[in-house]
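A.B. asks: Could you have a look at this structure, given as structure tokens, before my questions?
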Amino acid sequence: MPKERSKKSYFNRRINQRINASFAVINDSLSLALHTSSNDERNVPTPSSHSIHDNKLRKETICLSSTDKDDPHNRFKTLHDLSYTEDNDEDESTVSVNELVKDINDNGDSECLPLIQNVCLPIKSNLAMWAVQNNITQNSLRELIVILKLENDIDNFQNLPNDPRTLLNTPRKVDIVYLSPGYYYYFGIQASIRNVINQKGIKLAHDVTFDIAVNIDGLPLSNSNASSLWPILIQVKSIIELKDDIIVTALFHGPGKPTNSNEFLKDFVTEAANLSENGFYINNIRYGFKIYMLICDAPAKSFVLSIKGHTAYSSCTKCIQEGCFINNVMCFPETNNKNRTDSEFRQQLDDNHHNNGTSILTMLPKFDMIKSVPLDYMHLICLGVMKRLLVHSKYGWIFGKQPHKLPYAKVEQLSRHLLSLCKFIPAEFNRKSRTIEECKRYKATEFRLLLLYTGPVVFKEILTKTYYHTFLSLHVATLLFCSPDYSQNEEIVDYGQKLMKCFITSVCKIYGIDFVSHNVHGLLHISDDVLHFGNLDKFSAFPFENFMKVLKKMVRKGDKPLQQIVHRLYENSIKTMNTVESNNGFSLSQEHFEGPLLNHYKLSRQYKALKYNGYIFKLNVSDSFIITKDTDIVKLSNITYYNNEVKLVGQKFLTITDFFSVPCNSSLFNVFKINRHQKGPLDLWSLSDIKSKLCFLPLNEECAVVYPLLHSF
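The sequence shown begins at 1 in UniProt numbering and counts up by one.
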């Protein structure tokens with residue numbers, strides 16, 4: 001039977017219920033059920049559960065047991081013997097919801113439900129987890145502990161430590177080292193990865209290899225001074241359970257970047273080289289290890305590779321083309337040049353490309369200094385080319401000069417159309433459309449949304465045919481490179497490469513050769529990285545940039561930011577995974593009784609939300625459109641569950657055509673224009689019929705455009 005509530009919100013609700021129950025004891029003198037070593041028992045009133053088919057109230061039982069041997073605090077102490085401790089012998093009691101878990105997991109078909117695990121945690125662990133997840137300051141947590149300990153009748157509260165640093169396992173001392181012009185802390189590659197594996201309880205197959213993506217970039221901490229962070233972040237690309245985890249291996253803070261990149265990278269490269277040669281050991285099992293790729297923007301890449309910056313004549317990391325300086329722009333107008341090689345880089349045959357000295361990254365085994373350093377499309381295309389098209393003071397459509405700048409009336413029309421699309425943007429997008437006048441402040445995700453989805457729709461009636469077709473060349477090429485399917489086809493990738501050349505040739509004619517800056521030139525080489533690594537999101541900086549925000553939030557005051565972040569990162573290791581996904585990969589929520597239902601399925605249970613294959617489907621205007629494997633465009637009207645199977649009730653659109661035919665027919669990659677009002681009768685589809693979720697974008701009152709979602713954001 002599908003679960004009736006989201007597993008994440010459910011677990012958070014259970015945590016909040018325990019906290020609220022504690023406050024209820026203090027404020028309302030409610031009785032709680034306690035089971036201690038002295039066998040003293042009391043009854044605890046807990047929130048009742050309402051069943052759809054049975055309106056009777058069920059009481060939930062909260063059990064208390066002895067200390068939890070799998071307490072993540074204890075595991076953490078074995079990894080890092082740095083904890084701040086107090087000399088008190090505490091008897092930790094464990095709060096669990098065994099009966100509730102059994103009731104949920106035994107209710108109907110368990111294969112449709114995520115099994116709830118590790119919910120029996122000590123109250124100290126629950127409180128610590130709550131504090132970490134909500135970024136509660138230590139002063140606030142200290143005040144809460146004082147309030148809880150005022151209740152003399154509750155032994156568990158009396159056993160709470162007085163100092164929140166003990167509760168959170170905050171390191172007593174952080175051994176930072178001086179690294180000009182600031183300070184540096186090294187967590188370690190192996191220790192950090194092991195910590196995440198133990199924390200998540202991952203069981204590794206014996207034949208896996210740790211393919212590591214590395215990201216290095218600067219993070220300003222303040223607008224009023226030069227204080228900045230330079231973390232070394234990694235992501236394990238080859239293990240699916242770890243692919244979403246960004247792991248900090250080293251951290252530098254100072255008034256600017258480290259003076260010497262080799263000193264900054266020394267510990268990391270030394271350990272990485274050792275792991276590459278001797279293997280990565282977990283539980284006496286040897287695993288392969290490899291630095292798979294280095295993802296950086298152009299300035300960071302120049303810093304760590306010890307090469308010239310993006311404004312230099314020989315700044316391209318992929319080919320030997322020398323730029324020309326025109327109108328104060330270093331431009332690269334040629335489209336055919338000899339590619340660089342790893343051996344030539346290591347021998348430094350191009351003196352104009354290298355700075356003084358050799359990058360320590362050359363010590364990494366099996367690391368190609370050219371192919372293993374891909375071009376990141378977040379910086380190259382989204383923040384580079386797209387921003388240049390819109391914002392540039394000379395060429396920009398919004399902030400440029402004539403003849404490229406759009407008239408004010410068209411800019412207003414463009415903004416109105418973008419805002420009207422907001423309610424149609426699917427839930428997978430973190431940011432919706434803003435007015436085009438704000439494009440100077442757009443984030444990379446907003447430029448990506450404009451390039452891949454909304455741009456062709458809103459620009460169609462705004463740009464002239466020449467400008468629009470040039471934009472479509474960039475749009476289609478990026479679309480093909482982002483697609484997990486099309487990016488695996490060499491012929492399609494080669495076609496995308498030709499489109500990129502066509503785009504550069506066109507912009508040279510429209511804007512002049514000084515439009516082809518370092519980033520625009522990089523479009524010629526990104527297809528090579530797609531062939532080597534896969535679709536653009538396989539080597540994107542987006543997940544690392546998102547994690548940068550997390551790091552910045554860990555700084556609570558201006559003093560000693562490095563120590564603060566190190567403390568927060570160690571405290572974060574107390575988090576545990578409390579649920580696992582169901583085997584069939586779907587979950588249902590928001591049950592309703594509104595229909596519609598087909599005759600043979602009148603007894604089906606009905607839901608408004610479905611999570612499946614990484615996507616969220618809902619019965620609203622933004623998340624209810626799918627394309628089937630038979631290329632039917634369907635609007636969902638209901639989500640039903642009957643006889644252990646999910647059935648989707650919907651209507652197929654009857655009239656679908658190509659949205660554009662230049663540079664190719666849009667239907668070749670499942671982009672269609674549909675008649676919004678011509679739909680067939682209600683019909684049924686299974687989950688196995690779904691090919692992709694669609695982004696539905698109205699073109700006018702009669703027609704709309706549908707785009708398959710390339711990925712979940």
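Glycine included, C-beta positions come from ideal geometry on N, C-alpha and C. Since the structure is predicted, the reported quantities are computational estimates derived from the model, not experimental observations.
1) Flag this pair as yes or no: are the beta carbons of Leu380 and Asn519 separated by less than 8 Å?
2) What does the alpha-carbon distance come out to for the pair Val373 and Asp537?
3) Measure from the alpha carbon of Lys635 to the alpha carbon of each residue in Ile425, Arg568, Gly650, then state which is nearest.
4) What residue range does the beta strand (DSSP E) around Gln651 cover?
5) Counting along the chain, where does the beta strand (DSSP E) carrying Lys635 start and finish?
6) Measuring straight from C-alpha to C-alpha, what distance separates Ile626 and Ser589?
7) Less than 8 Å between the beta carbons of Ala300 and Gly218, yes or no?
8) Lys338 to Gln321, Cα distance in whole Å?
9) Return helix, strand or coil for Ser686, following the three-state DSSP convention.
10) Are His253 and Gly188 touching if we call contact CB-CB under 8 Å?
11) Runs of 4 residues minimum, wholly inside the segment 478 to 521: which ones carry the alpha helix (DSSP H) assignment?
12) What beta strand (DSSP E) runs, 3 residues minimum, are completely inside the segment 329 to 400?
13) Name, in chain order, the residues that DSSP records as bridge partners for Asn675.
14) Is Leu233 near the ligand FAD, in the sense that its beta carbon is under 7 Å from a heavy atom of that ligand?
15) Please list the terminal residues of the continuous beta strand (DSSP E) segment that includes Gly288.
16) How big is the Cα-Cα spacing for Ser29 and Asn135?
17) Tell me whether Phe696 sits in a helix, a strand or coil according to DSSP, three-state version.
18) Is it buried or exposed, Arg172, if we count other Cβ atoms within 10 angstroms and call 16 or more buried?
19) Considering just the uninterrupted stretch of the beta strand (DSSP E) at Leu251, what are its terminal residues?
20) Hey, how far is the Cα of Ala444 from the Cα of Asp376?
21) Going by the DSSP bridge assignment, what does Arg605 pair with across the sheet?
22) Would Asp514 pass as a contact of Val329 if the rule is Cβ separation under 8 Å?
23) Does the beta carbon of Lys560 come closer than 8 Å to any beta carbon on chain C?
24) Would Met378 pass as a contact of Ser228 if the rule is Cβ separation under 8 Å?
25) Run through the segment 535 to 568 for me and flag every whole alpha helix (DSSP H) of 4 or more residues, listed as ranges in chain order.
26) In the DSSP output, what is Cys319 paired with across the bridge?
27) Is it buried or exposed, Gln488, if we count other Cβ atoms within 10 angstroms and call 16 or more buried?
28) Pairs of beta-carbons, one from the segment 300 to 311 and one from the segment 359 to 369, closer than 8 Å: are there three or more?
C.D. replies: Taking the geometry as given:
1) yes
2) 14 Å
3) Gly650
4) 645 to 653
5) 633 to 642
6) 19 Å
7) yes
8) 8 Å
9) strand
10) no
11) 490 to 511
12) 329 to 331
13) Cys703
14) As far as ligands go, the structure on display features none, and thus does not contain the ligand FAD.
15) 285 to 295
16) Because Ser29 carries a pLDDT of 38, less than 50, the predicted location of this residue cannot be relied on, and the following value inherits that uncertainty. If I take the Cα positions, the gap works out to 29 Å.
17) strand
18) exposed
19) 247 to 254
20) 12 Å
21) Tyr641
22) yes
23) Structure shown: chain C not included; a single protein chain is present.
24) no
25) 542 to 553
26) Asn339
27) exposed
28) yes
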